[in-house]
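Trainee: Provided herewith is a single structure, encoded as structure tokens, for subsequent inquiry.
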């Protein structure tokens with residue numbers, strides 16, 4: 015008491031500052047329900063989640079999407095240290111249809127179409143995650159034009175007349191298939207039903223697990239293409255007999271129906287997606303007559319640019335990740351400017367936001 | 012005395028009859044007493060008065076020569092004015108107008124009609140002006156018969172200029188005295204008593220030179236303007252407004268003259284306005300619709316018509332500046348080669364259309380931002396003997 019009177023504190027310390035809930039340099043803080051923490055699309059992604067961002071667990075990404083995610087988006091995900099996708103209408107529609115489809119009937123075919131940069135591939139990825147989560151076996155072609163244009167090697171086929179093989183690509187695909195479906199194959203315990211004679215010494219007996227078939231293809235590049243054929247026919251048979259659900263996911267299916275090339279791999283069913291490379295983004299134009307006849311009937315699902323809700327959510331996400339450093343970015347006028355400059359297109363928005 | 016006066020009157024009779032202003036000079040032996048008008052007055056004072064000859068009855072040689080020159084000039088001027096008048100009346104008759112009420116503007120219009128010229132420089136085109144505007148004014152006699160100058164500051168070389176400066180100094184002192192008096196009486200006015208320089212600017216060096224009839228140097232001009240600015244800063248400078256306004260000219264704002272078109276309405280009652288703009292060889296016509304949602308359409312395409320973000324920003328800038336982004340729709344049609352110039356043309360057209368949507372204050376801001384000015388830059392011509400407009404051929408030393 016006396017000491018305090020005699021020697022009062024020379025300086026009054028300021029009270030401790032309360033922690034700000036949101037970063038203070040954004041005048042319009044991102045909305046609270048930016049994210050959804052439901053990582054399991056099968057169960058939890060419904061219309062309520064529209065516009066929210068959900069995180070893909072790294073294990074899932076590694077298992078399923080070594081090849082599927084576009085490179086630029088992958089770079090962004092690495093920068094943000096997380097793989098996030100926005101829940102959007104096309105994916106929700108697709109998942110809804112798949113949930114409700116009658117599996118005893120021949121497979122439904124769905125086609126995602128839309129202009130460049132609208133989100134077809136990412137919607138497809140969302141759906142693939144959903145399918146994997148729901149226990150479907152995936153036959154996933156990450157980017158079909160790779161097989162047509164950027165193949166690594168071409169050899170004439172020894173088994174089938176007039177056919178050409180892409181051995182190395184087949185090996186890569188088999189590896190991809192293995193990573194995606196390994197657990198499922200083991201749990202379902204699917205076995206081969208035919209005898210495959212690769213050479214005099216290498217034979218795959220019937221009733222061997224399918225995993226072994228895949229391994230043969232991976233280890234022996236020479237037989238990898240034939241292995242792929244065998245695998246797909248086996249899976250088809252199993253699916254028809256009701257032992258498993260098979261989903262074929264192809265990104266860029268219209269590449270198979272362009273004038274310079276005929277059909278490369280047999281049947282591509284169920285889910286398909288279109289990559290746009292010409293003036294019109296509509297399916298009839300891109301698929302051409304051959305493809306249309308092959309794929310018809312199908313359910314076309316349009317993928318559009320961002321609407322207002324999604325645009326708001328996308329900018330909120332960038333603000334949340336501190337990607338937009340300009341103080342005006344989150345303001346009303348800033349958002350309108352971003353929307354106008356990117357024409358509400360997701361891909362263009364990414365480009366516009368890069369230097370900001 | 013009377014005889015001397017009579018002699019003077021006879022000699023200067025012709026001068027009196029002319030358009031010169033003369034002053035009676037007291038003919039006395041006291042040659043020091045002088046009265047002269049300040050030559051900074053705007054009237055054309057051709058001749059100060061001719062002095063009384065000294066008692067010897069002879070004028071100095073320079074004065075004689077001057078007188079002769081002045082007489083000749085006056086005669087010349089009279090002839091010129093008479094010719095001008097005749098010409099004016101002839102012109103009026105030619106044009107079928109009344110000669111009595113034929114003004115200088117009518118003359119200009121008539122000359123432009125009768126003698127159309129495609130020359131770029133206005134001063135090179137044919138014109139008919141009053142001789143007083145054509146022929147340079149000269150200064151009046153600056154010294155008397157004995158060689159004594161009239162103006163106190165004659166020996167500075169720039170008497171009118173320095174007289175103006177002295178008057179400035181005197182004004183400054185009087186303002187200071189007034190300010191002190193006000194402070195002593197503790198009178199404080201609420202409104203500012205300082206001179207308001209809005210809407211006026213200082214006369215240029217050439218104009219001042221013409222006013223003083225003296226060729227001023229840059230240093231004179233700079234010093235003069237600096238000193239006048241100090242006068243303007245005085246809190247009571249509005250009391251010296253007359254003096255200040257002698258050296259300032261009124262500047263008209265061009266935009267207040269232009270009329271902004273009113274908004275048009277579609278059948279549904281949506282307000283819209285059209286604007287057109289050009290840049291290099293691109294021409295754009297833009298219609299801005301009010302009550303919109305921010306749609307931008309260029310030649311029936313999205314804003315993706317422009318690949319470069321720079322071009323898109325040019326299109327979006329007027330809307331963003333006026334804060335109408337997302338509130339109006341834009342429909343643009345652009346022709347002509349070049350994406351960058353198309354973007355510039357659309358920007359100008361949009362800004363001109365947006366003028367009708369915004370208020371006066373925003374319009375002024377737009378003008379200051381440069382949105383309403385056409386970009387006149389075009390590709391520079393290639394010159395012979397050079398590789399391009401500016402680039403020269405490779406120079407070889409030997």
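Residue numbers (our numbering), protein chains in the order written: chain A, 15 to 370; chain B, 12 to 409.
All residues carry an ideal CB built from backbone N, CA and C; glycine is no exception.
Computed from a predicted model, the values in this text were never measured in an experiment.
Could you give the DSSP three-state label for residue 375 of chain B: helix, strand or coil?
Mentor: Residue 375 of chain B: helix per DSSP, three-state reduction.
Trainee: Hey, could you find the ends of the alpha helix (DSSP H) residue 313 of chain B is sitting in?
Mentor: Element bounds for residue 313 of chain B: n/a, residue is neither H nor E.
Trainee: Could you tell me whether any Cβ in chain B is nearer than 8 Å to the Cβ of residue 350 of chain A?
Mentor: Yes - at least one Cβ of chain B is within 8 Å of the one on residue 350 of chain A.
Trainee: Which bits of chain B does residue 354 of chain A rub up against, with CB to CB less than 9 Å?
Mentor: In chain order: 305, 307, 314, 323, 326, 327, 330, 331, 336, 337.
Trainee: Which residues does DSSP list as the beta-bridge partners of residue 288 of chain B?
Mentor: Beta-bridge pairing links residue 288 of chain B to B/295.
Trainee: Just grab the DSSP bridge partners of residue 260 of chain B for me.
Mentor: Paired residue(s): B/212.
Trainee: Is it buried or exposed, residue 210 of chain A, if we count other Cβ atoms within 10 angstroms and call 16 or more buried?
Mentor: So residue 210 of chain A counts as buried.
Trainee: Report back the beta-carbon spacing between residue 281 of chain B and residue 360 of chain B to the nearest angstrom; my notes put them in contact at under 8 Å.
Mentor: No, residue 281 of chain B and residue 360 of chain B are not in contact; Cβ-Cβ is about 19 Å, not under 8 Å.
Trainee: Does DSSP put residue 207 of chain B in a helix, in a strand, or in coil?
Mentor: Coil, per DSSP.
Trainee: Quick one: grab the DSSP three-state call for residue 100 of chain A.
Mentor: Strand, per DSSP.
Trainee: Less than 8 Å between the C-beta atoms of residue 105 of chain A and residue 141 of chain A, yes or no?
Mentor: Yes; because the gap between Cβ atoms is below 8 Å, this pair is in contact.
Trainee: Consult DSSP for residue 135 of chain B and reduce its assignment to one of helix, strand or coil.
Mentor: DSSP places residue 135 of chain B in helix when its eight states are reduced to three.
Trainee: Near residue 289 of chain B, which residues of its chain fall below 6 Å by C-beta distance, leaving aside the five closest residues on each side in sequence?
Mentor: Correct list, in chain order: 356.
Trainee: I'd like to confirm the pairing. Which residues does DSSP put opposite residue 342 of chain B in its beta bridges?
Mentor: In DSSP, residue 342 of chain B forms a bridge with B/298, B/308.
Trainee: Quick check: the Cα distance between residue 156 of chain B and residue 253 of chain B, rounded to an integer number of angstroms?
Mentor: Their Cα atoms are separated by approximately 36 Å.
Trainee: Going by Cα to Cα distance, which pick from A/176, A/203, A/235, A/237 is closest to residue 224 of chain A?
Mentor: It is A/203 whose Cα lies nearest to the Cα of residue 224 of chain A.
Trainee: Contact defined as beta carbons within less than 8 Å: I believe residue 156 of chain A pairs with residue 81 of chain A. What is the distance between those atoms, to the nearest angstrom?
Mentor: Yes, residue 156 of chain A and residue 81 of chain A are in contact; Cβ-Cβ is about 4 Å, under 8 Å.
Trainee: Would you list the one or two residues that DSSP bridges to residue 217 of chain A?
Mentor: Paired residue(s): A/211.
Trainee: Comparing C-alpha positions only, which one of B/334, B/349, B/343 sits nearest to residue 345 of chain A?
Mentor: Checking every option, the nearest Cα to that of residue 345 of chain A belongs to B/334.
Trainee: Find the residues of chain C that neighbour residue 347 of chain A, judging by a C-beta separation of less than 8 Å, and give them in chain order.
Mentor: Judged by its chain identifiers, the structure shown contains no chain C, and its protein chains are A and B.
Trainee: Does DSSP put residue 156 of chain A in a helix, a strand or coil?
Mentor: Coil, per DSSP.
Trainee: So is residue 357 of chain A in contact with chain B if we call contact Cβ pairs under 8 Å?
Mentor: Answer yes: the Cβ-Cβ gap between residue 357 of chain A and chain B drops below 8 Å somewhere.
Trainee: Between residue 317 of chain A and chain B, is the shortest Cβ-Cβ distance under 8 Å, so that the two count as touching?
Mentor: Cβ-Cβ to chain B under 8 Å: no for residue 317 of chain A.
Trainee: By the 10 Å Cβ neighbour count, where 16 or more other Cβ atoms means buried, how is residue 381 of chain B classified, buried or exposed?
Mentor: Exposed, because fewer than 16 other Cβ atoms sit within 10 Å of the Cβ of residue 381 of chain B.
Trainee: For residue 67 of chain A and residue 100 of chain A, which I take to be in contact (beta-carbon distance under 8 Å), what is that distance rounded to the nearest angstrom?
Mentor: Their Cβ separation, rounded to whole angstroms, is 5 Å, which keeps residue 67 of chain A and residue 100 of chain A in contact under 8 Å.
Trainee: What are the boundary residues of the beta strand (DSSP E) that includes residue 1 of chain A?
Mentor: One cannot answer for residue 1 of chain A here, as it falls past the ends of chain A, which runs 15 to 370.
Trainee: Work out the CA separation of residue 131 of chain B and residue 198 of chain B for me, nearest whole Å.
Mentor: When rounded, the distance between both Cα atoms is 59 Å.
Trainee: Please say whether residue 336 of chain B and residue 354 of chain A have beta carbons closer to each other than 8 Å?
Mentor: The answer is yes: Cβ separation under 8 Å.
Trainee: Evaluate residue 89 of chain A with the Cβ neighbour count: other Cβ atoms within 10 Å of its Cβ, from every protein chain shown; 16 or more gives buried, anything less gives exposed.
Mentor: By the 10 Å Cβ count, residue 89 of chain A comes out exposed.
Trainee: Opposite residue 315 of chain A in the DSSP bridges: which residues?
Mentor: Beta-bridge pairing links residue 315 of chain A to A/126.
Trainee: Inspect the CB distances between the segment 189-206 of chain B and the segment 240-247 of chain B and report whether three or more fall short of 8 Å.
Mentor: With the cut-off at 8 Å, the segment 189-206 of chain B and the segment 240-247 of chain B touch.
Trainee: For the ligand GTP, is there a heavy atom less than 7 Å away from the beta-carbon of residue 373 of chain B?
Mentor: With respect to the ligand GTP, the structure shown offers nothing to examine, as it has no ligands at all.
Trainee: Helix, strand or coil for residue 272 of chain B? Go by DSSP, reduced to three states.
Mentor: Coil at residue 272 of chain B, not helix or strand.
Trainee: Give the straight-line distance between the Cα atoms of residue 134 of chain B and residue 223 of chain B, rounded to the nearest whole angstrom.
Mentor: Between residue 134 of chain B and residue 223 of chain B, the C-alpha separation is close to 24 Å.
Trainee: Name the chain A residues that come within less than 7 Å of residue 255 of chain B, Cβ to Cβ?
Mentor: Residues of chain A passing the Cβ test: none, with the nearest at roughly 44 Å.
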